[in-house]
Amino acid sequence: MNELESRVRGTVHIVGAGLLGASVGLGLRERGVDVTLEDLSPTAVALAADYGAGRIREAGDPEPSVVVVATPPDVVADAVERALSEFPNAVVTDVASVKLAPYLELVRRGAPLKNYVGSHPMAGRERGGAIMARADLFTARPWVICRDRDTPAEALSLVEAIALDLGGVLTEMTPEEHDRSVGLVSHLPQVVSSLLAARLVSAEEQAIALAGAGLRDTTRIAASDPELWVQILGANREPVVALLEQFSADVAAFTAALRDADAPGAKRRVADLLASGGRGVGRIPGKHGSSERFITITVLIDDTPGELGRLLTELGELGINMEDLRLEHSPGAQIGFAEIAVLPEAAERAVADLTERGWRTL
Ligand SMILES: NC(=O)C1=CN([C@@H]2O[C@H](COP(=O)(O)OP(=O)(O)OC[C@H]3O[C@@H](n4cnc5c(N)ncnc54)[C@H](O)[C@@H]3O)[C@@H](O)[C@H]2O)C=CC1
Ligand SMILES: O=C(O)C(=O)Cc1ccc(O)cc1
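For the record, in the sequence shown the residue sitting at position 266 is 266 according to full-length UniProt numbering, with numbers rising by one throughout.
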């Protein structure tokens with residue numbers, strides 16, 4: 001294995017060896033860090049060890065310098081409290097999707113929180129378990145750190161070292177700021193996506209057959225684990241309920257305007273609401289963390305072996321820097337669509353060069 005340098009000193013112990021725990025373990029192992037694993041489920045911990053996320057912790061192992069709690073949110077406070085008492089010299093962090101409820105619970109129990117620094121990597125997948133883990137899950141993704149006024153610098157820097165080793169982009173917030181923010185950018189989208197996708201359950205087959213990228217884009221996260229999300233939403237209900245109430249008011253205003261679309265001013269209300277959606281999308285950070293937008297060129301590719309490879313080779317030959325790539329299949333047709341994102345200034349030349357080489361673009 002080609003080992004990279006690590007900023008982490010000592011052993012990292014991971015409690016909860018599922019998607020997040022095993023991904024942290026895999027990334028740190030790639031950098032040569034000594035990682036030990038623990039899970040309530042013997043199968044889960046053995047799986048994570050088999051995938052290379054670390055070794056199962058045994059009696060007599062050295063005390064870790066850092067403990068990463070990656071259990072489901074409802075037992076995070078238990079696991080953090082236990083780690084703080086079992087390893088009094090270690091820094092304990094967690095990766096739970098909510099930050100205020102576990103923190104308040106730890107305060108309520110009177111846990112010694114000097115060595116606890118809550119954190120949350122903004123990266124995940126729709127399905128849990130070590131089998132879905134990836135060493136590069138956190139690359140270029142925000143990693144929120146909730147430090148306290150009393151957090152010692154060494155404790156903070158150990159948690160930051162893990163986040164940075166895994167390619168995360170550090171962001172400091174209070175637990176309240178964190179929960180309000182993820183309520184908007186992660187929890188509300190989850191509910192909206194799930195409810196939208198739920199409309200499809202009883203839909204006619206012929207309607208579903210017409211579905212394309214628009215529906216897929218707006219429902220991708222609806223396939224997420226309901227059990228995890230019941231916990232996340234329950235723990236962050238206050239901000240999420242407020243956001244859902246605002247969202248419901250928007251839906252009601254939109255519905256009223258559309259119902260009376262011929263009334264004076266109604267078309268403008270519909271247009272304004274749609275346009276504000278466009279402005280919102282424009283604020284979502286792009287691949288490089290800025291709100292720079294790319295232009296997507298769609299290239300038609302025959303559904304034959306090697307066609308995509310040929311396209312990628314030719315893009316390289318033409319010196320076209322691809323910022324993102326997505327593949328779509330046309331239902332029922334022997335054709336695929338390669339959606340290539342490029343910088344706006346490169347788009348015109350890319351289309352011209354590809355067309356000259358015989359590619360069909362949309
Ligand atoms: N799934 C996602 O996309 C993301 C999840 N998170 C957070 O990461 C944490 C873990 O989530 P996932 O890895 O997706 O779940 P997961 O279900 O893949 O893994 C959780 C693991 O914790 C184990 N576990 C449960 N209770 C335990 C206990 N008391 N002691 C030790 N192990 C225990 C389970 O057996 C399981 O293997 C959650 O707090 C979640 O909010 C954070 C970012 C993204
Ligand atoms: O799909 C996405 O945008 C995600 O990155 C998913 C996700 C789910 C839960 C989290 O706590 C953080 C991230």
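Positions of the beta carbon are idealized from the N, C-alpha and C atoms, including for glycine.
Euclidean distance between Cα positions of residue i and residue j
i    : j    : result
T174 : D148 : 8 Å
V95  : D353 : 46 Å
L19  : A153 : 29 Å
D74  : Q231 : 6 Å
Q246 : L156 : 36 Å
V66  : V159 : 8 Å
G212 : Q206 : 13 Å
S291 : Q190 : Unreliable positioning characterises S291 in this predicted model, as indicated by a pLDDT of 43, which lies under 50. A coordinate reading is not provided.
E348 : R326 : 19 Å
G10  : E38  : 17 Å
G234 : L315 : 47 Å
R360 : L300 : 6 Å
D78  : E105 : 9 Å
G306 : L312 : 10 Å
L244 : W229 : 15 Å
M322 : A346 : 10 Å
V240 : D50  : 38 Å
V251 : R199 : 16 Å
V24  : V182 : 21 Å
V35  : L164 : 16 Å
I56  : A135 : 18 Å
L215 : I221 : 11 Å
R279 : P42  : 48 Å
A249 : A242 : 11 Å
Segment limits, alpha helix (DSSP H) that includes residue i
i           : result
A235        : P226 to A235
L26         : L19 to E30
P64         : Premise fails: P64 is in no alpha helix (DSSP H) and is neither H nor E.
V191        : L188 to A198
residue 363 : With the chain covering 1 to 362 only, the question about residue 363 has no answer from this structure.
L315        : E307 to E317
L274        : A266 to G282
E205        : E205 to I208
E154        : A153 to D165
R357        : It is not in any alpha helix (DSSP H) - R357 carries neither H nor E in the DSSP assignment.
L84         : V76 to E86
V98         : Looking at the DSSP string, V98 is not in any alpha helix (DSSP H), and its letter there is neither H nor E.
T139        : Counting along the chain, T139 falls outside any alpha helix (DSSP H), and DSSP gives it neither H nor E.
6 Å CB neighbourhood of residue i in its chain, flanking five on each side removed
i    : result
A263 : none
V334 : Reading off the sequence shown, one finds Gln at residue 334, where the question assumed Val. Answer for Q334: D303, listed in chain order.
L343 : none
E126 : A223 and S224
T296 : E339 and A341
A53  : A22, G25 and L26
Expected contact under 8 Å - CB spacing of residue i and residue j to nearest Å
i    : j    : result
E328 : E317 : 24 Å between Cβ atoms; not a contact.
E5   : R31  : 7 Å
I131 : L40  : About 17 Å; that fails the 8 Å criterion.
A266 : A257 : 5 Å
E81  : R109 : 6 Å
V12  : I162 : 7 Å
V33  : V8   : 5 Å
Same chain, Cβ closer than 7 Å to residue i, five either side skipped, listed in chain order
i    : result
G271 : First, the residue type needs correcting, since residue 271 is Ala and not Gly in the sequence shown. Hits under 7 Å: none found.
V76  : V69, D94, A96 and P102
L84  : V92, A111, P112, N115 and Y116
T151 : V117
T71  : V15, G16 and A79
H178 : K99, H120, V144 and C146
T139 : G167
Cut-off 8 Å between Cβ atoms - residues of its own chain near residue i, not counting five sequence neighbours on either side
i    : result
R141 : P121, M122, A123, G167, G168 and V169
T355 : T361
A44  : A17, G18, G129 and A130
P64  : G10, T11, V12, H13, T36, F87 and A90
T219 : S193, L196, A197 and L200
Residue i - containing beta strand (DSSP E), residue span
i    : result
T296 : I295 to D302
S119 : Y116 to P121
A341 : I335 to V342
R127 : R127 -> no beta strand (DSSP E), and no H or E assigned at all.
T171 : V169 to E172
E328 : D324 to H329
S142 : Going by the sequence as given, residue 142 is Pro instead of Ser. Element bounds for P142: P142 to C146.
I14  : V12 to V15
V45  : Segment P42 to D50 is the alpha helix (DSSP H) holding V45; no beta strand (DSSP E) there.
L362 : L362 -> no beta strand (DSSP E), and no H or E assigned at all.
V92  : V91 to D94
E38  : V35 to E38
Contact test: residue i Cβ vs ligand 3 heavy atom, cutoff 6 Å
i   : result
G16 : The ligand content of the structure shown is limited to ligand 1 and ligand 2, which means ligand 3 is not among them.
Mind the definition here: the region 59-68 touches the region 188-198 only if three or more C-beta pairs lie below 8 Å; say whether that holds.
-> no
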